[in-house]
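To start, the structure under review is shown below, and the notes come after it.
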Amino acid sequence: MTTDAQGILLRIKQGDRLAFRSLYDAYAPWLYDLGFKLLKDTAAAEELVQDCFVKLWANREEIREDRDIWPWIYVMAKRLCFNQLRHARVTKKYLAQVADVLVNDVEQRLYVRELESQLEYSIESLPEQQKKALRLSRLEGYSHQQIATEMGISPNTVKNHITQALKSLRKTLPQADYNYLVLLSLLFLH
Numbered sequence: 001m002t003t004d005a006q007g008i009l010l011r012i013k014q015g016d017r018l019a020f021r022s023l024y025d026a027y028a029p030w031l032y033d034l035g036f037k038l039l040k041d042t043a044a045a046e047e048l049v050q051d052c053f054v055k056l057w058a059n060r061e062e063i064r065e066d067r068d069i070w071p072w073i074y075v076m077a078k079r080l081c082f083n084q085l086r087h088a089r090v091t092k093k094y095l096a097q098v099a100d101v102l103v104n105d106v107e108q109r110l111y112v113r114e115l116e117s118q119l120e121y122s123i124e125s126l127p128e129q130q131k132k133a134l135r136l137s138r139l140e141g142y143s144h145q146q147i148a149t150e151m152g153i154s155p156n157t158v159k160n161h162i163t164q165a166l167k168s169l170r171k172t173l174p175q176a177d178y179n180y181l182v183l184l185s186l187l188f189l190h
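Residue numbering for the sequence shown follows the UniProt record's numbering, starting at 1 and increasing by one per position.
Structural data, given as structure tokens:
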């Protein structure tokens, strides 16, 4: 290592900004090339150069003027690149997971809306007495006795209306898969 290079490093260590600028001018293009080669992005390569020199300035007291500075800068730059690549990979993986959840959530909401719509349509197509008994029972939480009083019929007739309504719903609903049956049971079969 030349005494001129040692002098520049010593001046940087002491806080000389002009000496730091000359070091920047000498090594920034090399760091940019390294960053672009590894990161494949001009903005990321430019950011790498800045990050390296900010770290170098912040840690200038650790500079050893008896050693070449390039290996230290080179290792720092590679570590920053690999950290950025690792961070990008983790971010990409996280965003993919979030996208999957959002897509599944949207699909599920659409599916539930479709099921609810089909269920409502099936309920509307029931005979009036069955529809009224079912709604009072499942939506309003009335007992069979309360429904009987409300509708002016016997509790046994209420039970028959609800039983017939549920049988009709099971037959008329076009999808009888597990999810549909769960929705049906949550809404009406409890």
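Glycine is no exception: its CB is placed at the ideal position from the N, C-alpha and C atoms.
What residues in its chain sit with their C-beta under 8 Å from that of Tyr178, if we drop five residues either side in the sequence?
For Tyr178, the predicted structure reports a pLDDT of 48, less than 50, and the residue's modelled location is therefore unreliable. A value from the coordinates is still provided. If we look at Tyr178 and ignore the five residues flanking it on each side, it has no Cβ neighbours.
Buried or exposed by the 16-neighbour rule on C-beta atoms within 10 Å, applied to Ala45
buried
Under the rule that 16 or more other beta-carbon atoms within 10 Å means buried, what is Gln130, buried or exposed?
Counting every other CB atom within 10 Å of its CB across the protein chains shown gives Gln130 a total of 16 or more, marking it as buried.
Terminal residues of the continuous alpha helix (DSSP H) containing Arg21?
Arg17 to Leu39
Collapsed DSSP secondary structure at Gln130 in the structure displayed:
Note: Gln130 maps to helix in three-state DSSP.
Give the straight-line distance between the Cα atoms of residue 213 and Glu65, rounded to the nearest whole angstrom.
No answer is possible for residue 213: the residues shown for the chain start at 1 and end at 190.
When His87, Gln14 and Ile73 are compared against Asp24, the one with the closest alpha-carbon
Per the sequence presented here, residue 24 reads as Tyr, with Asp not at that position. Comparing Cα-Cα distances from Tyr24 to each of His87, Gln14 and Ile73, the minimum goes to Ile73.
Given Asp16, which residues of its chain have a CB within under 7 Å of its CB, disregarding the five upstream and five downstream residues?
none
Residue from Cys81, Ala148 and Ser117 whose Cα sits closest to the Cα of Ala43
Cys81
Note the first and the last residue of the continuous alpha helix (DSSP H) segment covering Glu47.
Thr42 to Ala58
Best match in Ala96, Glu47 and Ile8 for proximity to Asp68 [C-alpha to C-alpha]:
Ile8
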